[in-house]
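Trainee: I am attaching a structure below and will ask some questions about it afterwards.
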Amino acid sequence: MTSRTRRDGGGTVSVVTRPRIHPSQGGVRPLEWLRGDEMSVLTSPRGKVEVVHCRRTESQDIYCIQKLIRKFTQKLFGRLNIIYLLEKANLAITLCNDKEEIMAHATFLDYPNWNVAAPEAWGSVFRDLEGDITCTPLNTLFLHLFVAVDEYSVGCCKEIIRTVFKAVPELHFIFLIVPSYMSLGSTLVTVFDEVGSVPCLMYNEDFTVYVCHRHSHYPQLHIRRARVEDHDDLMPIFMHHDTILKDTYGEYFLAELIEAQDEENHAVVCEVEGAAVGFMSVCSRVNLPLLHECFDLGPFHGFCTPHPDDILEPPREPRSADAKLRTDSQGSQRTAKELSGLVSSEVTGSAQEKVMEEAEPPSAVHSENASEMQDTDKLSLLSLTGDQEHGVSRWSSASILLSEEPDYFRPVYRGAPTVFCIQLFCIDEKYEARSLDFMNFVFRLFPDKNFCIISVPQLTPEFVLIQNFVKVIPFGDCTLQHDLYVFHRAGLFKSINIRLANCTDTPGVEKLVSSLTLSKSILEDLAQYNEARRDLGGAPLQAFVAEVAEQVVGIAVIRDEMDIEYIRSHYNIEDFIYFSHHQRDEHGRLHHFALNPAFRHYTKFFLKELLRLGSKTCLYYPVYPQPREGKIAVFQLQSPYAHSLTSALHYLVPVRPRRQIVYPLEKLGINAPSKAVSKDVSGYALNHTNRKLTLEPKITVNARIVVVGASSVGISFLETLVFCSHLKFNNLTLISTHGLPGKKLLDKEKRKFLASDHCFNDKDYALMSLCSWVNVVVGRMTGIDRAAKHVVVSKDKAVPYDHLILCTGQQYQVPCPTGADISQHPTNREVADSSKMRYMGQVPCNLFTLNDEEDCIKALTWILSNSVTTEGNVIVYGNTIDTYTTVETLLHLGVRGSCIYLVHSPPKSTVTCINNYSVESAVEEALGAAGVTTFRDAILAQWNQGLNPDPIHCASFTTPTKPFQLQCTMFFSFCEKNVDYETFKALNDACLVYDGRLVIDTNFHTNDVAIRAAGPLTKFSNRYYSNDWTHRNFSSKEVGFQLAAAMLTLFDPTLEPVMQPPADLDRLIPMYKGAKIQGGILPGSYHYLHITKPAIPIPLEVQMAQPDFGSEIVTGSAKAGTYFRIHINKYKMVEDITCLSKVPFPVSNYIRLFGQHEQALNDLCARYDSDRITDLYSYFTEPWCMALLHDRFIDLRKELRQVLASEQEEGLPSIEQLVRQIEDEEVDLKEEPRNYLRRVFEDTIYRPLVEKSILDYLHYNRYHLPMYAWPGII
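Using my numbering, read the sequence shown as starting at 404 and increasing by one per residue.
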C-alpha cells in the first residue's frame, strides 16, 4: 500500500489540439498546460508586483512573442522565424500573468544554435569545455530564444529556468551560445556562467558558451536514512490530504515506523535545507505467493534468482504462445521474460557498484554522470524473450474467449527472492518531480536485490515515481484491487547512448530480439542498412541502437517516409505540426523498435534521439489490420500478427483519419488530385510523434472503463477516448458477443443482408485500430454485481469495472408464435398478441435472426452448404428495411424469386420503414418482377403445425382475413427489435431502473452513478416528459461522442468545469443535430440512401402538408433508378435527402450535403426553379461542389461566421450587429434589408476579408482541391 501527498496532475503536461484550415488560422500547435504549479510572485525594481505562472507555448502566442523581441535579442540569438523555431523546439515555455498577458518566453532545443556544431554531433564539441561538464543528449538542452517584459525580465528568466528543470527531471545543463563579441546583458547573466568558447562551422568567428546548472535552480534531492526527529516535518505532508494512516495507526505511527528499522525494513527521507520533504519506507519481506497467484511474473522470473528446480512450464504439452495471453490493460505491455537475468550472477557485484557510482554523483558537481567509472565491467544484458515489440498487439488486441475452465499456469520458482517493496511513500508536491532520486539510495540498502516493486490502488493517478516503473500484467482471474509496478536496478543507469548501428552490433541485436516474432525482419533490415543504407525500394534507411555499458539494449529502424502526400491528405497530421515547415526528407517512418524493459522509461528519449540523429522532425508508425485468424485454445485472437507493433506505441499519438471526397475522376480529368492523394491503398491506423511531443508526457487514466456492446454507440465512445492524444487510457475493455466489428467477413462485392446506418464501415475500423488500445472480452453479459463492481460474463466470469458503459442496443429476437390453429380459420383479431412474449422453446436450426456480420456469415454459410439457391423456399418475416435488403441479398446469391416469401408483420406505426411512396412503389414492382411473393399484415401462428419446430419445414400465419401456410427451408425473422432477454435480466437483477428500456438522465447516468448507458437500450426518465424522444431518434455515432464527452470531464484536467444548468433548464433533454442515416441495396438492385434530421417519425405526406414544410427538389424517377430528392426547410437548409439509384453513388459525399444552405449549393433552388437542374446526381459531381464536400469546409464556415460577427472597422458595427439592429427595428431603412446588407458587405472591408479567407482555404487545401483556380496560377 502506498500513501502520498499530491494534487491531481501535479507537474504533468497535457495536449489539446484543434483543427487547422490554413496558415492564417494561426496553426495547430498543441495547446499544452503545465499543470499543478503554484502561482509565483514577481516584483519589479520599482516595486510593482505581478502574479505569474508558466505554461507550454501556444501558436496564438507568436504575435506577442514577436512584440517582445528587441534589437539586442536579434544580436544575441540571431534573426529567427518564430513559427519555424516553435515547430522544431523540444520545449517552449511561456510565462503569463494572472490576466493571461504574456510576460516572457523561452525556447529550448536538443542541439546548439548559431551553427557551432552539427545537430547530430555536438557532444564531442561541448565535452572539452571548462569545468569538466559531463553533458550528454539525455541531460542537456540549448536555449535558442529568450524574451521578456523588460521590467520583470530577471524574475521571468529565473522562473522559466526553474520550471524547465522541474518539467524535465533528467535535465542537468542548459547551454546558451552567443557571439563572442556580445555580452549576455543584465538578465541572462544572472543564471548563466561562461564555460568556454567554440568556433563556428561556417565562417571564422568564435562563440561564447554559457551554462546553467540544475543545482542552482531545482537541485537533486539529498537522500538519507530517516530519523525520529523527522516526524514533525513529515506529518503535515501526510496529513495535508489524507488522515487514514493517522486514524488507523495513531498519531505517532510515523515515528514508530522509523524506530522499527532493521535489516529488512528501512525508512529514508529526502531533505531540503535541513527539513525532510519526502519519505519512503522499503521492506525486503514480500508476499511472493500472493503475487505469483495474481500477476504474471514470468517476465521477471518470479522476482527470484534462477534455480535448477524451477518449474517454468506446465507438465503437459506446452500451449502455443497465443494461448498464454492474459487480460491486461492496454497500457501494460508485454515485457521481457527472465528480466531477472538482466544482470548475470558473475558480474552482479561490479555492475551494481557501477550503477551506484553512476547514479550518485558528487554533490559539488550535481551531475548524474560526474564520476562515472570506466566501462571495465560490462553489464550482461540478456535478450528480450517476451513479445516486447508485439506488446500491445499481443495483449490489447487479444479477444478473451471465456471458457468454462480457464487454466492459468503458475510457474514454481525455487530461487532466493531478489525483490524489495515500497511500503509507504509521500513527498511534498513542490519536489515530486525529483521522486526518482530515492531509488539510488534504496537500492544501496539492498545490494542483493534487483527489483523494486510498488502496489497502488487501481484508481490512483499515475504519479511521477511510478512513471519510471513497468506495470506488471495481472492474470485474468486476479481479484486484487491493486496494480503492481516494478523497477529494475539497471534502470538507474544514466549513460544510455543512442547511436547509428554498425556491423559489430549485429550479435548484440540478435541476442536482444531473439525471441521476438519479427526478429528475422528486424535483422534483415539491419543487414540491409549495414550493406546499402537503403531499403529494397531505394528509400534511405537508418538503424540505431541504444547502448548501456557497451551492451546493446535497444534497436530502432526508420526510413524516409515516401507517402507523405498521402498521409497529409488522409490523416489530420496538421493537428500536430505545421506541415509547410517540415522538409520532405524530415519525415520518417518507424519500422522497428525494441527496447529492453529495464530501460523502458527512456523510450521517449530514444525517440527524441532518433529524430535528432536521423535529421528528422516527424516519425510515423502505421498499424495495419488483418482478418481474424479464428479460435486458438482458450483465446480468440482478432489480429495476432497484423503488424510490427512496437513497445513505443503508447509514447506516440494516434492521428485521426480524414473524411475523403469521392472524386468524379473522369469528369475532372486533368484537374483531378494527384495519384499520391487519390490512390486507394490498404487502410491503416497512423501513429505519430514529432520534436514538440518528445517532452510531452501523457495523462494516464487507470480507471477501469468497461463497455458492454460493440454497437455504433459503443464504438464511437471508444473511438473518442482513444483519439484523445493527451490521455492514455490503460484499462479500456469491450465486452461483446463477437468481439470488435470490422473483420471484413463479407467482401465488398457481396450484398449485405442488413441495412447500414453508415456510422462505421470496415475501412473506418481499420483506420481506428481499436484492437491496439482496447481489451476485448468475447462473451455475453449475464449479470452485474454493483456492490463488487464487476460484470458477469458467460454466467461465471467476472470483469471488474470502475465505470460501466452499457451500449448493447436492441436486437431482433426469435419470434414467439401465437399457437393459433389455422385449421379453425382464425384472423388476427382472434389471436393473442405474442409480440411482447419471449420464445421459450427450442430455437430451430434454420431460423435466423440477423443482428451483425457474424450472424450474416452464418446465414450465408447455411445457404451455400444446404443448396438453398437451387431448391427450397425461404421466408423473410418482418416489417423493417432489413427484410428488403435480405431479399435482395438472397436474389443476388441465386435464390429464385418464386422461392422467396416476404411476409410483412402488422405495422406498429403509420410510418413505414422507407416512408416514401415513390421508393416503396419501385421496390414493390421490383419484387413482383423477380417473382417474390409478398404477404401483408401476417402474424406467425405455428411452425410445423405445432409439432417439433427443429428444423422448420412449414410456417403458418394469420391475417386480417384468412390464414395461410408456407413451406420453408430457411426462416429469417426481422420482427421489431427489443432488448435481449439476458441483458434485461442482468439489468433487472442488478436493480437498475427499467421501464420498457433502461432509464437514464440527460448525463447518461442510470440510478447507479458508476453505470452509464446510451443508445436504443435506453429511454429518458419520465421526469423529462419526453417519452417520444430517445437515443434511437438520433445518430448513434453522435450519441457515442457525447457520452465520451460527458465521461472525459472526469479524467481530463484541461477541460473547463461543466456548469450546472439553471434550475428551469435541468429538465430539458439534449437535442443532437447529427444526421440520422439508413441505406442499403433494395430489391431490383436499387442503391438506397436516406439522410434526415433527428425527429419523431411522421408520415411523409403529413410532413409535406405542414405550412412550414419548405420545399422539395426531385429529379429522376424511382422506378428508373435515377431518383434524387432533397427537402429544403423553411430556413433554406438541406434537411432530408433520399436517393434511389441503379448504380452505386458516393454516399459519403451526399452525407456532407446535409445541413448546408441551399445557396451554398450554388443557388440550388433558383437553378432548379429555372429548370437548369435535371439530374442531381450529375449536379453534385460538378467541380464547383468539391470544396463543399471537403472535410474542412465546416471550419471555413466557422471562420467566415467569425469574420462577419466581429467588428473589422473602428466605429462601424459588424454585419451580425447590423442584422440584429434591423431585426429590432433600430435602423430606419429605405430599401430592402437584404439589399442594404449586401451593399454594406460590398462597400466595406468585409468582402475582401471573406474573399481572402476563401482563397486561403482553397490554396492551403489545393492538394485536395486542384480543380479551383486562384490568383497567381492563371
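All residues carry an ideal CB built from backbone N, CA and C; glycine is no exception. Predicted, not measured: the structure shown is a model, and the values here were computed from it.
Should V1505 be labelled buried (16 or more other beta-carbon atoms within 10 Å of its own) or exposed?
Mentor: Under this definition V1505 is an exposed residue.
Trainee: My understanding is that V1065 touches S1551, with C-beta atoms under 8 Å, so please give their C-beta distance in whole angstroms.
Mentor: Yes, they are in contact, since the Cβ atoms of V1065 and S1551 sit about 6 Å apart, within 8 Å.
Trainee: Relative to the alpha-carbon of I465, which residue among E1122, A507, D501 and M442 has its alpha-carbon at the smallest distance?
Mentor: Nearest C-alpha to I465: A507.
Trainee: Quick check on P1674: buried or exposed, where buried means 16 or more other Cβ atoms within 10 Å of its Cβ?
Mentor: With fewer than 16 Cβ atoms within 10 Å of its Cβ, P1674 is classed as exposed.
Trainee: May I ask you to report which of helix, strand or coil DSSP gives R636?
Mentor: In the sequence under discussion, the amino acid at residue 636 is Asp, which differs from the Arg named in the question. Here D636 sits in helix by DSSP.
Trainee: Which residues bound the beta strand (DSSP E) around S600?
Mentor: Residues D596 to P602.
Trainee: Below 8 Å on the Cβ atoms is my guess for E1553 versus I1494; work out the distance and round it to an integer in Å.
Mentor: It should be pointed out that residue 1553 corresponds to Tyr in this sequence rather than to Glu. About 7 Å separates the two Cβ atoms, so the contact holds.
Trainee: Would you call the segment 938-956 and the segment 904-919 touching, i.e. three or more CB-CB distances under 8 Å?
Mentor: In short, these stretches touch, since the Cβ pair count reaches three.
Trainee: Let me know the secondary structure DSSP gives G1033 once reduced to three states.
Mentor: Only weak support is given to the placement of G1033: the predicted model assigns it a pLDDT of 37, under 50, and the value that follows is read from those uncertain coordinates. In the structure shown, G1033 sits in a strand (DSSP, three-state: E or B).
Trainee: Closest to R617 by C-alpha separation, out of F595, D978, H575 and E1629, would be which residue?
Mentor: Nearest C-alpha to R617: H575.
Trainee: Just to confirm my understanding: we take F1644, look at its own chain, exclude 5 residues before and 5 after, and list those with CB closer than 7 Å. What are they?
Mentor: I1618 and R1650.
Trainee: At a cut-off of 7 Å, is A1333 close to the ligand SAM when judged by its beta-carbon and the heavy atoms of the ligand?
Mentor: As presented, the structure is devoid of all ligands, the ligand SAM included, so that no description of it is given.
Trainee: Please state whether the Cβ-Cβ distance between C559 and L445 is less than 8 Å.
Mentor: Contact flag set, yes.
Trainee: Which same chain residues end up closer than 6 Å to L1068 when comparing Cβ atoms and leaving out the 5 residues on each side of it in sequence?
Mentor: Answer for L1068: A1075, listed in chain order.
Trainee: So, for P1366: in the same chain, excluding its five sequence neighbours on each side, which residues have a beta-carbon less than 7 Å away from its beta-carbon?
Mentor: Contacts found: I1225, H1228, P1229, A1344, S1359 and F1360.
Trainee: Candidates P877, T1313, I577 and H1053: which alpha carbon is nearest D699's?
Mentor: That would be P877, whose Cα lies nearest to the Cα of D699.
Trainee: Kindly give me the distance between the Cβ atoms of A959 and L921, rounded to whole angstroms, as I take these residues to be in contact under 8 Å.
Mentor: The Cβ separation is near 13 Å, so there is no contact.
Trainee: Could you tell me the alpha carbon to alpha carbon distance between I970 and K1095, rounded to whole angstroms?
Mentor: Distance between the alpha carbons of I970 and K1095: 19 Å.
Trainee: So for W1587, helix, strand or coil by DSSP?
Mentor: Three-state DSSP puts W1587 in a helix.
Trainee: Go ahead and pull the three-state DSSP assignment for D440.
Mentor: Note that D440 has pLDDT 47, beneath the 50 cutoff, so the model's placement of it is unreliable and the number below is only indicative. It is coil, neither helix nor strand.
Trainee: Please report how far the alpha carbon of T1140 lies from the alpha carbon of V1314, in whole angstroms.
Mentor: Whole-angstrom Cα-Cα distance: 32 Å.
Trainee: Leaving out the 5 sequence neighbours to the left and right, which residues in its chain are closer than 7 Å to S799 when beta-carbon positions are compared?
Mentor: Summary for S799: the model assigns pLDDT 34, below 50, so the residue's position carries little reliability; its value from the coordinates is reported in the next sentence. These residues qualify, in order along the chain: Q733, C1174, S1175, W1176, V1177 and N1178.
Trainee: From the DSSP secondary-structure annotation, give me the bridge partner or partners of I1472.
Mentor: For I1472, which the question treats as bridged, DSSP gives no partner whatsoever.
Trainee: Taking buried to mean at least 16 other C-beta atoms within 10 Å of its own C-beta, is W1346 buried or exposed?
Mentor: Classification for W1346: buried.
Trainee: Of all the options M585, S1514 and T1518, which has the alpha carbon lying nearest to the alpha carbon of E1538?
Mentor: The shortest Cα separation from E1538 among M585, S1514 and T1518 belongs to S1514.
Trainee: Closer than 7 Å by C-beta to Q476: which residues in its own chain qualify, once you throw out the five before and the five after it? Chain order, please.
Mentor: According to the sequence shown, residue 476 is Thr rather than Gln. Closer than 7 Å at Cβ, skipping near neighbours: V550.
Trainee: What are the boundary residues of the alpha helix (DSSP H) that includes P692?
Mentor: Run containing P692: L691 to C697, per the alpha helix (DSSP H) assignment.
Trainee: Between D831, Y487, G677 and A1329, which lies nearest to L1543 when the distance is taken from Cα to Cα?
Mentor: Considering only alpha carbons, the answer is A1329.
Trainee: Keeping to the same chain, check which residues put their C-beta closer than 7 Å to that of K1166; ignore five residues upstream and five downstream.
Mentor: Closer than 7 Å at Cβ, skipping near neighbours: G1086.
Trainee: On the DSSP letters alone, give me the boundaries of the beta strand (DSSP E) that D1539 sits inside.
Mentor: Looking at the DSSP string, the run of the beta strand (DSSP E) that includes D1539 is V1537 to S1544.
Trainee: If C686 and Q826 are in contact, beta carbons under 8 Å, what's the gap, nearest whole angstrom?
Mentor: 5 Å between Cβ atoms; contact.
Trainee: Could you check the C-alpha separation between V942 and D963 for me, to the nearest Å?
Mentor: Before going on, a small fix: residue 942 reads as Ala here, not Val. Taking the straight line from one Cα to the other gives about 6 Å.
Trainee: Please specify which runs of the beta strand (DSSP E), each continuous and at least 3 residues long, are wholly inside the segment 1364-1419, giving them in chain order.
Mentor: Entirely contained in the segment 1364-1419, the beta strand (DSSP E) runs reaching 3 residues are, in chain order, 1367-1370, 1373-1377, 1401-1403 and 1414-1416.
Trainee: Taking the beta strand (DSSP E) that C673 falls in, what are its first and last residues?
Mentor: It spans N668 to V675 - the beta strand (DSSP E) in which C673 sits, taken as one unbroken run.
Trainee: If we require 4 or more residues per run, which alpha helix (DSSP H) segments fall completely within the segment 831-902?
Mentor: The segment 831-902 contains these whole alpha helix (DSSP H) runs: 840-848.
Trainee: Is the segment 1371-1383 in contact with the segment 1271-1287, if contact means three or more CB pairs nearer than 8 Å?
Mentor: Enough Cβ pairs lie closer than 8 Å, so yes.
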